[in-house]
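All remarks here apply to the structure that follows.
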Amino acid sequence: MSKKPEISPEILENILVKVTERLTETFKLFIDQLVSAVTSRVDHVQSKMDDLNTHLVTVSSRIDDLERKLMLPTTATSSIETGSMDQTLKTLMAVETEKAERAKRSCNVIITGLQPQQGVHDADVFTEFCEHHLTVKPHPVRSSCQRLGRPTNGRPARLKLTLDSSQTVDHLIESSSILRQSTDGRVRNVYINRDQTKLEAQIAYEQRHQRRSSAGTVRSP
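In structure tokens:
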């Protein structure tokens with residue numbers, strides 16, 4: 001049998017030295033690549049942070065400008081802007097208040113000229129009047145019946161009633177036009193109108209005044 005070659009300590013040492021050198025070079029190359037990658041990533045993140053800081057500074061500056069305009073008016077221009085904003089806010093609040101008031105009154109009617117009857121509830125007087133002189137028969141809320149003011153010059157106080165819906169009010173108003181055709185003077189003198197807000201009443205008054213003025217102008221030679 002052939003004899004296996006023997007590896008001397010010197011040869012083994014040389015092999016270990018070469019392997020160690022190769023491993024060291026490979027490890028060093030890996031470390032260099034890792035450091036390069038990390039450094040590149042850090043530079044990228046730092047660039048993004050710089051951009052973000054710049055954006056935040058710009059936004060902060062704009063917020064400061066807005067705060068100075070809204071909260072600390074120190075010039076004539078800012079005072080005018082603040083006054084305009086206050087007026088706009090008041091206008092919006094007035095509009096919302098008017099809308100709420102109209103909704104509240106939308107089921108109400110105001111009746112002028114309806115004589116009360118001794119011992120008879122005004123709701124029943126109104127219902128009976130509708131049965132005899134109108135084409136509709138609404139049912140008012142009895143607890144809502146209210147005389148407004150006092151009788152004047154022989155005319156009864158106006159009567160305010162609440163009906164079951166705004167549609168019922170519409171139908172009643174439309175039907176009431178036939179009262180003007182009645183041969184009974186007491187019936188002709190009964191007027192049924194919507195429960196207008198102050199603004200609606202003012203607008204209606206101005207429209208009537210304008211129509212009368214226009215009619216007078218047309219009749220003038």
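For the sequence shown, position 215 (counting from the first letter as 1) is numbered 215 according to our numbering, and the numbering increases by one without interruption.
Heads up, the beta-carbon is just placed ideally off N, CA and C, and yes, glycines get one too.
Small disclaimer: the values here were computed from a predicted structure and weren't measured.
Whole angstroms are fine: how far does the CA of residue j sit from the CA of residue i?
i	j	result
Gln188	Leu148	Gln is not the amino acid found at residue 188; the sequence shown has Arg there. When rounded, the distance between both Cα atoms is 20 Å.
Leu159	Ala123	10 Å
Thr54	Ser61	11 Å
Arg186	His132	13 Å
Leu14	Gln46	Note on identity: in this sequence residue 14 is Asn, with Leu being the wrong assignment. The alpha-carbon atoms of Asn14 and Gln46 are separated by roughly 48 Å.
Phe30	Thr58	42 Å
Gln117	Leu179	20 Å
Arg150	Pro156	7 Å
His209	Asp195	20 Å
Ser166	Val109	10 Å
Leu72	Asp86	Low confidence applies here, because Leu72 scores a pLDDT of 49, under 50, leaving its location unreliable; read the following figure in that light. Cα-Cα distance, rounded: 14 Å.
Ala215	Leu92	36 Å
Leu222	Glu98	Since the first residue shown for the chain is 1 and the last is 221, residue 222 is missing from the structure and cannot be characterised.
Asp50	Ser40	15 Å
Val17	Lys28	16 Å
His171	Thr183	23 Å
Ala296	Ser84	A query on residue 296 cannot be resolved here, the shown segment of the chain reaching from 1 to 221 and no further.
Gln181	Gly119	30 Å
Val38	Arg22	24 Å
By a C-beta neighbour count over all protein chains shown, 10 Å radius and 16 as the cutoff for buried, is residue i buried or exposed?
i	result
Val19	exposed
Pro140	buried
Arg225	Absent from the model: residue 225. The displayed extent of the chain is 1 to 221, so no value can be given.
Looking only at C-alpha atoms, which of the options sits nearest to residue i?
i	options	result
Thr168	Met93, Glu25 and Cys107	Cys107
His121	Arg105, Ala100 and Ser143	Ser143
Gln146	Ser213, Phe126 and Arg212	Phe126
If you drop the 5 nearest sequence neighbours on each side, which residues of the same chain put their C-beta closer than 8 Å to that of residue i?
i	result
Arg102	Thr197 and Glu200
Asp164	Cys107, Pro138, His139 and Val141
Give every residue of the same chain whose Cβ lies closer than 6 Å to the Cβ of residue i, excluding the five residues on either side of it in the sequence, and list them in chain order.
i	result
Ser176	Ile192
Cys130	Lys137
Leu134	Ser175
Ser220	Reliability fails at Ser220, whose pLDDT of 43 lies under 50, so the model's placement of it is uncertain and the value that follows must be treated cautiously. Closer than 6 Å at the Cβ level, and outside the excluded window around Ser220, lies no residue.
Val95	none
Glu128	none
Ser213	none
Whose C-beta lies closer than 7 Å to the C-beta of residue i among residues of the same chain, with five residues either side of it excluded?
i	result
Ser233	Since the first residue of the chain shown is 1 and the last is 221, residue 233 is not available in this structure.
Ile173	Ile192 and Arg194
Glu10	none
Arg25	Note that residue 25 is Glu in the sequence shown here, rather than Arg. Excluding sequence neighbours, Glu25 sits near nothing in its chain.
Is the shortest distance between the beta-carbon of residue i and the beta-carbons of chain B less than 8 Å?
i	result
Tyr205	The structure shown contains no chain B; it is built from a single protein chain.
Check whether the segment 106-123 and the segment 174-194 touch, using three or more Cβ-Cβ pairs below 8 Å as the test. yes
Below 8 Å, how does it come out for the segment 159-178 and the segment 201-210: are there three or more Cβ pairs, yes or no? no
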